[in-house]
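Chains as they are written, first to last, in the numbering used here: chain C, 1 to 342; chain H, 1001 to 1342. From the three backbone atoms N, C-alpha and C, an ideal C-beta is built for every residue, glycine too. Structure first, then comments.
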């Protein structure tokens, strides 16, 4: 009898707790909805509508090394799907061991950003794919004509281009290559428990994750890391309060968006990265100079917000960030077979 | 009425043809069974029994770049599954752009061979995986200890090693890494229409493919390319009738197995490669010096058999070889998600 009564008391307390918690949770949910919102099903673009045929072809190109100058580079080299579409290197290494200027961000959810690349010098994922094939440190091909020649040599691609771009008379072009890759990338949305929460399922996040979300909001991380992508919607100076290189282990000082615009006000300005799957995409920052998420959060507090976050605050934020690790679309996890060279 | 009678006559002729053909087909089937036989379901080894847990872990390691010296090399780099587990390069390029001494053969069905590597200097797939991690032109790690250290740093692997090797007190070892990779590779069997034929389904091969098989046998290709793997069971001099480099586009003369044994009789001797999926794994030969299957077959006729095969014979053999392009196990086409570095 004693035991049963104990259970009843605990149950009452528990239910009361849930009920108390719920009010707070409801407030948090409203905030989260305002600041973030859930991920869309796909990241659509009027310029490049998604079709099954384009996605199929784009996924094949994602693994295609034969259109790189040394035959070793495909999109997948710097964005391996199994490593959450980032390569784990400080800076990616492309054809003939050339080092890329910045860290390779994950391409999951990347199409939802205002632009691509850390300094926003790619308009969208299609532009990124197109420029990558002739990028000296990436695929390194000498010209678009050379890429088209190779695409035409692999006979199996002809009919697939035709299916994906039925209106085009001569569909085997780099522009269509880029559209196909872009269409594939536009499907790479990775919803997590956070999205279930934002959609109203209050128990989708654990108490610790909710505490972390609250800290993330209260600490003002969300000033920049907002939208369903938790970032990717604006540019911001890296090192608002202090120069970033005094805290990171950067080996060089990167002038950021200044390289593109030559405006003094763009010095050390970078696109705010999306934080979806951030747990899985170490190392951090534009130069991959910091290995651990804990350190990255601590440094961000210090130099972006001018706050010395204590251990428990940093840990709370890290706990929340881990709730952004999402489910990868099943189709993206299936390797396509590529046509033969013969 | 005329039309119907025509159809009847054609049908009778067709059925007669099938019936005449069948006798020949039965003979061909018997020959094929004697020379080749169908692929097994898996390539088992008493030394490394296959288990679900080992295969799961081995497949993860197949994509693991973080155990290479420059963080860019995984098994998948030289054996990308979508390209039929070969990389399409003349010679594979490993860490820090180092060129491997020979062409990367597909790892599909590779565990069924007498040994691994072109010159047979790896005992089996486990030995290959183990030696690869410290191979200077492949993963390039300085020592097995260094590999084990990295494996231990990725915390997520600990429990998976324990599951795969439950009897081991300290299961995170390079030997167990190699066993896991080996177990995965032992599942990579790719049966094709040829196996259906060998198992008795006479119509599984087209008439052209059957003609090609007959030519393959009559021309004596099967003297070396025998067993279910259509090769991989013996060593043979490359260039029995004439030096190979007079026909291939080889840039260097490779002394083959002589490098291992230092026996004069092993000069220019290589392991006979398996021909499963050969259509998909251009370029050909130990140095990838020939791009097209047609040329590879013609050269083989000339220098191995002393025969000038005419165009139609070469084409017949190529047609047969294409029937060896197989189905890749569904599980091997699914990318595993790897644990985070954090």
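Residue i and residue j: beta carbons closer than 7 Å?
| i | j | result |
| --- | --- | --- |
| residue 129 (chain C) | residue 182 (chain C) | yes |
| residue 118 (chain C) | residue 286 (chain C) | yes |
| residue 104 (chain C) | residue 75 (chain C) | no |
| residue 1224 (chain H) | residue 1236 (chain H) | yes |
| residue 114 (chain C) | residue 233 (chain C) | yes |
| residue 226 (chain C) | residue 35 (chain C) | yes |
| residue 296 (chain C) | residue 39 (chain C) | no |
| residue 1055 (chain H) | residue 1184 (chain H) | yes |
| residue 160 (chain C) | residue 57 (chain C) | yes |
| residue 144 (chain C) | residue 123 (chain C) | no |
| residue 198 (chain C) | residue 33 (chain C) | yes |
| residue 277 (chain C) | residue 106 (chain C) | yes |
| residue 1179 (chain H) | residue 1252 (chain H) | no |
| residue 138 (chain C) | residue 326 (chain C) | no |
| residue 1248 (chain H) | residue 1313 (chain H) | no |
| residue 1133 (chain H) | residue 1152 (chain H) | no |
| residue 340 (chain C) | residue 1163 (chain H) | no |
So is residue i buried or exposed if we call it buried at 16+ other beta carbons inside 10 Å?
| i | result |
| --- | --- |
| residue 1241 (chain H) | exposed |
| residue 1142 (chain H) | exposed |
| residue 1017 (chain H) | Residue placement at residue 1017 (chain H) cannot be trusted, given a pLDDT of 43 that sits under 50; what the coordinates show is reported in the next sentence. Residue 1017 (chain H) comes out exposed. |
| residue 1246 (chain H) | exposed |
| residue 1310 (chain H) | exposed |
| residue 81 (chain C) | buried |
| residue 1049 (chain H) | exposed |
| residue 306 (chain C) | exposed |
| residue 1263 (chain H) | exposed |
| residue 243 (chain C) | exposed |
| residue 328 (chain C) | buried |
| residue 1052 (chain H) | exposed |
| residue 1239 (chain H) | buried |
| residue 1020 (chain H) | With a pLDDT of 46 at residue 1020 (chain H), under the threshold of 50, the modelled position of this residue cannot be trusted, and the question is left open. |
| residue 1269 (chain H) | buried |
| residue 46 (chain C) | exposed |
| residue 1001 (chain H) | For residue 1001 (chain H), the predicted structure reports a pLDDT of 46, less than 50, and the residue's modelled location is therefore unreliable. The matter cannot be settled from this model. |
| residue 1027 (chain H) | exposed |
| residue 1250 (chain H) | buried |
| residue 116 (chain C) | buried |
What does residue i touch in chain C if you count any residue whose Cβ is under 8 Å from its own?
| i | result |
| --- | --- |
| residue 1142 (chain H) | What residue 1142 (chain H) touches in chain C: nothing, since even the nearest Cβ is about 19 Å away. |
| residue 1279 (chain H) | 340 and 342 |
| residue 1334 (chain H) | 333, 334 and 335 |
| residue 1328 (chain H) | 337 |
Using a cut-off of 7 Å between C-beta atoms, extract the partners of residue i located in chain H.
| i | result |
| --- | --- |
| residue 28 (chain C) | Neighbours of residue 28 (chain C) on chain H: none; closest Cβ ~25 Å, over 7 Å. |
| residue 134 (chain C) | Residues of chain H passing the Cβ test: none, with the nearest at roughly 20 Å. |
| residue 83 (chain C) | 1338 |
The beta strand (DSSP E) spanning residue i covers which residue range?
| i | result |
| --- | --- |
| residue 235 (chain C) | 235-237 |
Looking only at C-alpha atoms, which of the options sits nearest to residue i?
| i | options | result |
| --- | --- | --- |
| residue 1089 (chain H) | H:1290, H:1148 and H:1260 | H:1290 |
| residue 120 (chain C) | C:138, C:164 and C:261 | C:261 |
| residue 68 (chain C) | C:140, C:294 and C:163 | C:140 |
| residue 1025 (chain H) | H:1147, H:1186, H:1042 and H:1200 | H:1200 |
| residue 1266 (chain H) | H:1256, H:1134 and H:1039 | H:1256 |
| residue 281 (chain C) | C:91, C:52 and C:53 | C:91 |
| residue 71 (chain C) | C:147, C:99, C:204 and C:193 | C:147 |
| residue 188 (chain C) | C:62, C:204 and C:339 | C:62 |
| residue 98 (chain C) | C:85, C:259, C:84 and C:73 | C:73 |
| residue 194 (chain C) | C:215, C:179 and C:230 | C:230 |
| residue 108 (chain C) | C:42, C:22, C:167 and C:204 | C:42 |
| residue 1156 (chain H) | C:153, C:83 and C:212 | C:83 |
| residue 1022 (chain H) | H:1176, H:1331 and H:1211 | H:1211 |
Mind listing the chain H neighbours of residue i? Cutoff is C-beta to C-beta under 8 Å, in chain order.
| i | result |
| --- | --- |
| residue 88 (chain C) | 1065, 1066, 1071 and 1341 |
| residue 292 (chain C) | 1342 |
Just to confirm the assignment, what range does the alpha helix (DSSP H) spanning residue i have?
| i | result |
| --- | --- |
| residue 1147 (chain H) | 1144-1153 |
| residue 1269 (chain H) | Element bounds for residue 1269 (chain H): not the alpha helix (DSSP H) but the beta strand (DSSP E), 1269-1271. |
| residue 158 (chain C) | 157-164 |
| residue 1178 (chain H) | 1174-1185 |
| residue 1312 (chain H) | 1311-1322 |
| residue 1071 (chain H) | Neither: residue 1071 (chain H) is in no alpha helix (DSSP H) and is coded neither H nor E. |
| residue 257 (chain C) | Residue 257 (chain C) -> no alpha helix (DSSP H), and no H or E assigned at all. |
| residue 1215 (chain H) | 1207-1218 |
| residue 1054 (chain H) | 1052-1062 |
| residue 244 (chain C) | Here residue 244 (chain C) belongs to no alpha helix (DSSP H), and DSSP marks it neither H nor E. |
For residue i, go through chain C and note every residue whose CB falls closer than 9 Å to its CB, in chain order.
| i | result |
| --- | --- |
| residue 1080 (chain H) | 63, 65, 74, 76, 335 and 338 |
Residues of chain C with a CB under 7 Å from the CB of residue i: which are they?
| i | result |
| --- | --- |
| residue 1097 (chain H) | 96 and 97 |
Which residues in chain H have a C-beta closer than 9 Å to the C-beta of residue i? List them in chain order.
| i | result |
| --- | --- |
| residue 282 (chain C) | 1340, 1341 and 1342 |
Taking 6 Å as the cut-off, is the C-beta of residue i nearer than that to any heavy atom in the ligand HEM?
| i | result |
| --- | --- |
| residue 259 (chain C) | This structure simply doesn't include the ligand HEM, nor any ligand for that matter. |
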